[in-house]
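Some notes on the structure that comes next.
Residue numbers (the working numbering): 1 to 338.
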């Protein structure tokens, strides 16, 4: 039976604190923008992300001659390059070297930004006001550990995607009821595993940044928090999923509102047959849509990371947190007894 203290609106307080932190410290959006490329904090997206990636790959793997390797990012590009280049080996070498350099710079920026975001949120939660430079220094100190955790997480999620893709290919080849059942079962199972891995990775990253833990102890700490508060984490994933849906709708409405005058200008340019005006309006439209995407993406990542970091802080304390569903059951029992 939860006490009055336990029945406090835990989720509401966490979400409100995360919202206020995100709105009042807009410089964190810069870190959030780069952290978005790693998908950090967006655990709820995985619930539909696997499905989107698989359905997007259906045309390329529908043929019986294709293998599950076809769903790997960049596989189609490398395959076409090897077939069309007069010097396949040289082209492949240049492509790989350029890719490695880009990946190294990109990984450094993203990993530093994730650490900077988490470290800054922790300082703000303790009453500090970290600047952009301070946050960057925090991210630099934990960059390598954040990078390793994210790489391991991406490899695990990529392996799961390949396993699901293999089952889908088998289903497309056989079309049997048994294959359909096993594909559905593997899809549900691997999606649940993906969500679990992502939550552990987020908490492990927080432990690595805030407590300076090495990678393996950080993962163990993330696993400990998930095991102890697994139901609370599931509820938070669902809440963030609903908030993401609302943000997506608001972003769409904002894009539509901004696009209305541009559409009229585009129609006017088409009537007067001005190529220059059409080019300018098309460019402006693209910039506006890109700005909306960057704005919403940066805000959403910062907000979600704030939610998970505040949860990590509260779960790392000595207090106990009763899941909402348990409080609801207790409330119903009290009403029935009364």
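We put the beta carbon where it would ideally sit given N, CA and C, even for glycine.
Predicted model only: the values in this text are computed from it and were never measured.
Beta carbon of residue i nearer than 8 Å to that of residue j
| i | j | result |
| --- | --- | --- |
| residue 309 | residue 122 | yes |
| residue 34 | residue 110 | yes |
| residue 223 | residue 120 | no |
| residue 160 | residue 193 | yes |
| residue 197 | residue 231 | no |
| residue 225 | residue 203 | yes |
| residue 118 | residue 205 | yes |
| residue 201 | residue 279 | no |
| residue 258 | residue 288 | yes |
Nonlocal neighbours in the same chain, by C-beta distance under 6 Å from residue i, ignoring five residues either side
| i | result |
| --- | --- |
| residue 92 | none |
| residue 221 | 207 |
| residue 177 | none |
| residue 39 | none |
Beta-carbon proximity list for residue i, same chain, < 7 Å, skipping 5 on both sides
| i | result |
| --- | --- |
| residue 281 | 262, 265, 266 and 269 |
| residue 284 | 262 |
| residue 25 | 124 |
| residue 213 | 207 and 221 |
Residue i, buried or exposed, once every other Cβ within 10 Å from all chains shown has been counted against 16
| i | result |
| --- | --- |
| residue 145 | buried |
| residue 88 | exposed |
| residue 62 | Residue placement at residue 62 is poorly supported in this model, since its pLDDT is 45, which falls under 50; the coordinates still yield a value, given next. Exposed. |
| residue 238 | exposed |
| residue 130 | buried |
| residue 139 | buried |
| residue 403 | The question about residue 403 has no answer here: the residues shown for the chain are numbered 1 through 338. |
| residue 199 | buried |
| residue 311 | buried |
| residue 315 | buried |
| residue 218 | buried |
| residue 60 | Caution applies to residue 60, whose pLDDT of 47 falls short of 50 and renders its modelled position unreliable; the value that the coordinates give is listed next. Exposed is the call here. |
| residue 96 | exposed |
| residue 195 | buried |
| residue 100 | exposed |
| residue 189 | exposed |
| residue 290 | exposed |
| residue 184 | exposed |
| residue 271 | exposed |
| residue 65 | Because residue 65 carries a pLDDT of 42, less than 50, the predicted location of this residue cannot be relied on, and the following value inherits that uncertainty. Answer is exposed; the Cβ neighbour count stays below 16. |
| residue 250 | exposed |
Own chain, CB closer than 8 Å to residue i, minus 5 neighbours either side, in chain order
| i | result |
| --- | --- |
| residue 37 | 106 and 110 |
| residue 132 | 27 and 30 |
| residue 273 | none |
| residue 307 | 14, 15, 18, 41, 236 and 240 |
| residue 136 | 112 and 116 |
| residue 228 | 315 |
| residue 90 | none |
| residue 247 | 296, 299 and 300 |
| residue 4 | For residue 4, the predicted model reports a pLDDT of 42, less than 50, meaning its position is unreliable; a value from the coordinates is still stated below. Same-chain partners within the cutoff: there are none. |
| residue 318 | Residue placement at residue 318 is poorly supported in this model, since its pLDDT is 48, which falls under 50; the coordinates still yield a value, given next. Once the five neighbours on either side are set aside, residue 318 has no close Cβ partner at all. |
Residue i Cβ short of 7 Å to the ligand ATP heavy atom set
| i | result |
| --- | --- |
| residue 275 | For the structure depicted, the ligand ATP is absent and the ligand set is empty, with no information on it obtainable. |
Between the region 107-119 and the region 199-213, are three or more C-beta pairs nearer than 8 Å? yes
If contact is defined by three or more beta carbon pairs under 8 Å, each pair taking one atom from either stretch, is the region 233-244 in contact with the region 288-308? Yes, they touch.
Counting pairs of beta carbons, one from the region 251-259 and one from the region 282-297, are three or more of them closer than 8 Å? Because the criterion of three Cβ pairs below 8 Å is met, the region 251-259 and the region 282-297 touch.
Using 8 Å as the threshold, is the region 122-133 in touch with the region 143-150, meaning 3 or more CB pairs across them? no
Enumerated in chain order, which unbroken segments of the alpha helix (DSSP H) with a length of 4 residues or greater are wholly contained in the region 245-316? 275-315
In chain order, which alpha helix (DSSP H) runs of at least 4 residues are fully inside the region 122-173? 132-141
If you scan the region 182-240 from start to end, which runs of the beta strand (DSSP E) of 3 or more residues do you find wholly inside it? none
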